[in-house]
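Novice: If you use the numbering used here, the sequence shown corresponds to residues 647 to 959, in order. Ideal Cβ placement from N, Cα and C applies to all residues, glycine included. In this text the structure is predicted, and so the values were computed from the model without any measurement. Please read through the structure below; I'll follow up with questions.
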Amino acid sequence: MSLVGSYVALSKPLVAALPVFLLGWLRFGIGALAMPHWLRKPPDEPPFTAQTRGLLFLESFLGNFMFTICMLYGVSMTSAVSAGVIMASIPAAVALMSWAFLREHIGARIWAAVACAALGIGLLALSKQEHLAPATQGLQAHLTDSKAWLGNLLIVGAVLCEAAYAVIGKKLTGALGPKRITSLINLWGFALMTPIGLYQALHFDFGAVHAGIWLLLVFYALAASVCTVWLWMTGLNGVPAALGGVFTVMLPISAALVGVLVLGESLSRVQLLAFAIALVGVVLATLPTRQQIKAANAAKGRPEQVQPPRGAA
């Protein structure tokens, strides 16, 4: 999630230089070229079932294709502040979906972590309003027209797509390895983007693109299609989907930090407070519970030696 936030912030020049569908098509194409060996079926992998095929398609359609469309076009119709506040609901959406579809138990501490994540990202988004220039404020006022409701609705759709991505990914890790999942959903993403991406490629002047943009595109493609997906699927193989969803808090945090350290943006006290609250949520979600400590000690063949934090469930 930290890597996702960094390439989201650094992809601004890419969006300015390349059409959205062409950018997505090139991203999946470069990703496919980087991991053809991951497509090979391991000897111990069970045969594909109809459910596995359907989940692979949904994982790419919702998590890759629809998320990109909803997010980019949603932000174009509403304010960035509204989009940030709505995106703060991703951890809660993941927790609810994992409870509804995976029957995962959601304890009080995970819900507290979700609340911290939502509060932290909400503060982070709202704090942007404090430093808006008058011209930007006028633009935001203009965005409250009839298109704003549609933009907000598209951002809600992006939240649901991201939550579905986490939950379906957890389901897939029970049948396939992380590398196979990464390569297969990338291939689906390439197929879904090809019709419009190829059309835009035929009408685009590639010679006008600066060499630095191509280097940034390679980084974006390898990070978005290979590294982050593999890390996410590997992580989901060892933690519940609801707990994994809490870590989506790192996406806007890392994006903002890249903005400050790389793009020269300012960081207010409210934003610092938002970071602190969000990170408290991550700590709450990852501290070992009493049951986990007992299980770990039992596996090592010794009695309980580590006391859990006071109040841990």
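For Leu692, count neighbouring C-beta atoms within 10 Å of its own C-beta (all shown protein chains included) and say buried if the count is 16 or more, exposed if not.
Specialist: Going by the sequence as given, residue 692 is Pro instead of Leu. Classification for Pro692: exposed.
Novice: So Ile752 and Ala741 are in contact, right, with Cβ under 8 Å, and what is the actual spacing, rounded?
Specialist: At roughly 5 Å, the Cβ-Cβ gap stays under 8 Å, so Ile752 and Ala741 are in contact.
Novice: Starting from Ile752, follow the alpha helix (DSSP H) in both directions and report where the run begins and ends.
Specialist: No alpha helix (DSSP H) holds Ile752; DSSP gives it neither H nor E.
Novice: Rounded to whole angstroms, what is the Cα-Cα separation between Ser652 and Arg686?
Specialist: Answer to the nearest angstrom: the Cα atoms are 30 Å apart.
Novice: Inspect the CB distances between the stretch 874-891 and the stretch 815-824 and report whether three or more fall short of 8 Å.
Specialist: Output reads yes: the stretch 815-824 touches the stretch 874-891.
Novice: Can you check which of these residues, Gly766, Ile756, Ile899, Ala869, is closest to Ala887 by C-alpha distance?
Specialist: Out of Gly766, Ile756, Ile899, Ala869, Ile756 has the C-alpha closest to the C-alpha of Ala887.
Novice: Between the beta-carbon of Lys825 and the beta-carbon of Trp671, is there less than 8 Å?
Specialist: Cβ distance not < 8 Å, so Lys825 and Trp671 don't count as in contact.
Novice: In chain order, what are the residue ranges of uninterrupted alpha helix (DSSP H) at least 4 long that sit wholly in the stretch 858-927?
Specialist: With a minimum length of 4 residues, the continuous alpha helix (DSSP H) runs that stay inside the stretch 858-927 are 874-882, 887-892, 896-907.
Novice: At the level of alpha carbons, what is the spacing between Ser871 and Met647?
Specialist: Each residue's alpha carbon lies about 13 Å from the other.
Novice: Is Gly595 helix, strand or coil by DSSP?
Specialist: The question about residue 595 has no answer, for the chain in this structure spans 647 to 959.
Novice: Cα-Cα, which of Ile831, Leu897, Leu863, Leu822 is closest to Asp690?
Specialist: Taking only the C-alpha atoms, the option nearest Asp690 is Leu822.
Novice: Determine contact between the stretch 892-912 and the stretch 694-701, defined as no fewer than three beta-carbon pairs at a distance below 8 Å.
Specialist: Contact between the stretch 892-912 and the stretch 694-701 is absent, because fewer than three Cβ pairs lie under 8 Å.
Novice: Alpha helix (DSSP H) containing Arg686: first to last residue?
Specialist: Per DSSP, Arg686 belongs to no alpha helix (DSSP H) and is neither H nor E.
Novice: Which same chain residues end up closer than 8 Å to Thr819 when comparing Cβ atoms and leaving out the 5 residues on each side of it in sequence?
Specialist: Hits under 8 Å: Ile827, Met879, Leu882, Asn883.
Novice: DSSP on Ser652, reduced to helix/strand/coil?
Specialist: Three-state DSSP puts Ser652 in a helix.
Novice: Name the two residues that bound the continuous alpha helix (DSSP H) containing Leu742.
Specialist: 736-747 is the extent of the alpha helix (DSSP H) around Leu742.
Novice: Between the C-alpha atoms of Arg956 and Leu930, what's the straight-line distance to the nearest angstrom?
Specialist: Because the pLDDT of Arg956 is 42, which lies under 50, any placement of that residue in the model is unreliable, and the number read from its coordinates should be weighed accordingly. Their backbone Cα atoms lie some 12 Å apart in a straight line.
Novice: Mapping DSSP to helix, strand and coil, what is Leu664?
Specialist: In the structure shown, Leu664 sits in coil (DSSP, three-state: anything other than H, G, I, E or B).
Novice: At the level of alpha carbons, what is the spacing between Leu838 and Ala920?
Specialist: If you take the alpha carbons of Leu838 and Ala920, they lie about 37 Å apart.
Novice: Measuring alpha carbon to alpha carbon, tell me which residue in Ile923, Thr695, Leu799, Leu889 is nearest Gly720.
Specialist: Minimum Cα distance to Gly720 is reached at Leu799.
Novice: Once the 5 residues before and after Met717 are set aside, which same chain residues still bring their CB inside 6 Å of it?
Specialist: Once the five neighbours on either side are set aside, the close Cβ partners of Met717 are Ala804.
Novice: Quick check on DSSP: helix, strand or coil for Met647?
Specialist: Met647 falls in the coil class under three-state DSSP.
Novice: Less than 8 Å between the C-beta atoms of Ala809 and Ile923, yes or no?
Specialist: It is not a contact, given that the beta carbons lie outside the stated cut-off.
Novice: Under 8 Å Cβ to Cβ from Phe836, same chain only, skipping five residues before and after it: list those, please.
Specialist: So the qualifying residues of the chain are Trp671, Phe674, Gly675, Gly677, Ala678.
Novice: For Tyr845 and Leu806, what's the separation of their Cα atoms in angstroms?
Specialist: Approximately 29 Å between the Cα atoms of the pair.
Novice: Go ahead and label Thr714 buried or exposed: buried means 16 or more other beta carbons lie within 10 angstroms of its beta carbon, across all protein chains shown.
Specialist: Thr714 should be labelled buried.
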